[in-house]
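Protein chains in written order, with our numbering: chain A, 58 to 394; chain B, 58 to 394.
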DNA sequence: ACATGAGTTGGGAACGTTCCCAATTCGGTG
DNA sequence: CACCGAATTGGGAACGTTCCCAACTCATGT
């Protein structure tokens, strides 16, 4: 029941009969310590239950061993969560390896997003992971200007200059549409993601590419923009059916939108896959539970998070250069096509 | 293109022609500053784009304005994610109000969990939010002993001494079973959660209570333990059907287990709800997408997170006393019952 | 004219660490 | 036996802030 305060490096030094610096060296694994001194210091640390104060350390080293993961909350609404959950798992796993803390920042609106620069400027984190960047988003540039290493989940456009990890969106989309055309479908519609995001544009580009490749004309009537939400998917499906009642397949740029599309098709008594085949994108948990189970493009979300984190710690801890990576996707065929 | 380093409080003081202390006072909103001085300081801050260094501040105040949310990853596997996603949203929202940062710690195994005390001892956080605490878990007690305010999501047992926020598990479960019995079902089985957790025991207690209340004998043959996973739910359902082929309803202690049960029932050609009624617990996104849509007990997960965060900041920022809260649940009837 | 006291103000010290650099020790070598 | 260099060691300063307290300014009252 001693009212002792937490031991500091001085306490340990006194107990071990050495100087502050020697303790610091032992704690930080320096070689310049005699075996004898090291032993005494380690014993003292154990006895006193000493843990270095990371705040004090951060003050002098100017490093916090923490990175921020910034997620716009608007996108995480409505059950798009599987993506973020998997991403977080990946990020967290990789960070644990390098003993780095994860600061989670859910950003509600643009105002909060602007404010974030200030918050980040207080130097609480060594770097930033950014998700869901829209083309015109100025945040990533500002962060980099402030000298804060930044890694994006998905590039802003084809000429992105910052580090990023991307899925092979165009390739995956093309594979999906190729699969539909190869199965004899001739009127393959698409519900796109937001077209102010590279991920939306790239998946649409894949749809175009597969048509070109197969020599099937791609009518603009068969393209409708969605917003990655279930409701948006249902809406887009309804518009598509009005405009092109003869469509026989639809490629939705996300599983969640595909779920919305399935619901709308059911309402309109179109059978899946008999009348209309449906393919999604992501292979989230959802895809296995739809009726019928959803054919989709698997995106290695957890690995994406892991890779982002590794690249970021590479930069912050070892001064690694910028890196841009694209991870492969894979078509998973189930019963909806 | 000036190679200027980040401005410190001294830079600002010099620019405004005042002392360090005055700047500090302005920044921290003290009243003891003349209007004149305040104005000059604010101008200097704006000109220099000064942001106080929170690490240095933390060193002297011994506060970080950050709290940790600890989530055992084992439980978050397999798509139980909706719960954690909603929880995080709630926590994050409430923390934003009090300008507190959120440190996310996914803990993979018991070893990492033990290590966590050390990590937390480095004083990077002012308090801890703990999820999924098993009865014998010593972590909460250790944290509290270290003087780190702790709030649990769900108590460890009925005699819990720490702060917690709980759902009305027994009440919700009783409502679910009452609904089944009231609908004429006579052999209502239950797939429980882990019985080394209060949440598992309480929901089972609700099942018992409803039977007692209705004067229907509760046979132990109708009870099978699950682990909150889909697979576990399917397994338990299979065992229950072997043991009690005449069951006509099942109450699963989580939506995810209910989904597993639905799958198993389909495999065994039992119609839902005609042959067997199914009720889950949580009302996650999943529940609306099962076939048929799942009757379930809604648990205010986001509010639970919000409340936990508010209680914790109440303790860390205003020295509020311990608090224990139970949030109401609500039966949501859909087509599975 | 002077004491009083409220309102302001700013310098010194402290928080717990790391880093720089000078001092000390010690085994060998000429 | 004096000298050298490598190995080891530890004290001072610095990181950027807050808090304590002493000092200063001025209007007021006597």
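C-beta: ideal position from N, C-alpha, C; glycine also.
Query                                                                                                                                                                                        : Result
Going by Cα to Cα distance, which pick from 348/A, 361/A, 178/A and 375/A is closest to residue 209/A?                                                                                       : 361/A
By Cβ distance, which residues of its chain are closer than 6 Å to residue 244/B, with the 5 residues on each side in sequence left out?                                                     : 303, 304 and 305
Assess, as a yes-or-no matter, whether the stretch 360–375 of chain A is touched by the stretch 176–184 of chain A under the definition of 3 or more beta carbon pairs within less than 8 Å. : yes
Rounded to whole angstroms, what's the CA-CA distance from residue 175/A to residue 330/B? Just pull it up for me.                                                                           : 55 Å
Under 6 Å Cβ to Cβ from residue 58/A, same chain only, skipping five residues before and after it: list those, please.                                                                       : Here the model assigns residue 58/A a pLDDT of 39, short of 50, so the residue's position is not dependable and the matter cannot be decided.
With 16 as the cutoff for other CB atoms within 10 Å, does residue 118/B come out buried or exposed?                                                                                         : exposed
Shorter than 9 Å from the beta carbon of residue 110/B to some beta carbon of chain A?                                                                                                       : yes
At the level of alpha carbons, what is the spacing between residue 193/A and residue 226/A?                                                                                                  : 20 Å
Of all Cβ atoms in chain A, is any one closer than 9 Å to the Cβ of residue 355/B?                                                                                                           : no
Which of helix, strand or coil does DSSP assign to residue 197/B?                                                                                                                            : helix
Which chain A residues are close to residue 347/B, counting only those with a beta carbon under 8 Å from its beta carbon?                                                                    : 346
Looking at the structure shown, is residue 285/B part of a helix, part of a strand, or coil, going by DSSP?                                                                                  : coil
Any beta carbon of chain A sitting closer than 9 Å to that of residue 169/B?                                                                                                                 : yes
Look up residue 184/A in the DSSP assignment and give the residues it is bridged to.                                                                                                         : 124/A
From the DSSP output, which residues share a beta bridge with residue 162/B?                                                                                                                 : 127/B
For the stretch 178–197 of chain B, which residues have a CB atom closer than 8 Å to at least one CB atom of chain A, in sequence order?                                                     : 178, 179, 180 and 181
Using a Cβ cut-off of 8 Å, pull out every chain B residue sitting near residue 160/A, in sequence order please.                                                                              : 123, 158, 159, 160 and 161
Is there at least one Cβ from chain B nearer than 9 Å to residue 115/A's Cβ?                                                                                                                 : yes
Evaluate residue 97/B with the Cβ neighbour count: other Cβ atoms within 10 Å of its Cβ, from every protein chain shown; 16 or more gives buried, anything less gives exposed.               : buried
Which of the three DSSP states, helix, strand or coil, is assigned to residue 328/A?                                                                                                         : coil
Three or more C-beta pairs closer than 8 Å, one from the stretch 159–166 of chain B and one from the stretch 373–388 of chain B: is that the case here?                                      : no
With DSSP collapsed to three states, give me the class of residue 85/B.                                                                                                                      : coil
Closer than 8 Å, Cβ to Cβ, to anything on chain B: give me those residues from the stretch 287–309 of chain A, in chain order.                                                               : none
Cβ closer than 8 Å: which chain B residues qualify as neighbours of residue 141/A?                                                                                                           : 142
If you follow the alpha helix (DSSP H) that residue 256/A is part of, which residue opens it and which one closes it?                                                                        : 255–271
Exposed or buried, what is residue 87/B when buried is set at 16 or more other beta-carbons lying within 10 Å of its beta-carbon?                                                            : exposed
Is it the case that the stretch 106–115 of chain A contacts the stretch 106–122 of chain B, given that we only count it when at least three CB pairs across the two stretches are under 8 Å? : yes
Spell out whether any CB of chain B is found under 9 Å from the CB atom of residue 75/A.                                                                                                     : no
Can you list, in chain order, the residues of its chain whose CB lies under 6 Å from that of residue 393/B, leaving out five sequence neighbours each side?                                  : 329, 330, 335, 349, 351 and 352
Measuring alpha carbon to alpha carbon, tell me which residue in 67/A, 99/A and 197/A is nearest residue 127/A.                                                                              : 197/A
List the residues of chain B that residue 84/A touches, going by C-beta distances under 7 Å, in chain order.                                                                                 : Under the 7 Å cutoff, chain B gives no residues; its nearest Cβ is about 12 Å from residue 84/A.
Can you round the beta-carbon distance between residue 111/B and residue 179/A to whole angstroms, since I take them to be within the 8 Å contact cut?                                       : 4 Å
Step through the CB atoms of chain B and report whether any lies within less than 9 Å of the CB of residue 126/A.                                                                            : yes
Answer yes or no: does any C-beta atom of chain B fall closer than 9 Å to that of residue 72/A?                                                                                              : no
Counting only C-beta atoms, is residue 201/B closer than 9 Å to chain A at any point?                                                                                                        : no
I'd like the list of long-range same chain contacts for residue 136/A, defined as Cβ closer than 8 Å, with 5 residues on each side in sequence excluded.                                     : Unreliable positioning characterises residue 136/A in this predicted model, as indicated by a pLDDT of 44, which lies under 50. The coordinate reading is nonetheless provided below. Same-chain partners within the cutoff: 287, 313 and 343.
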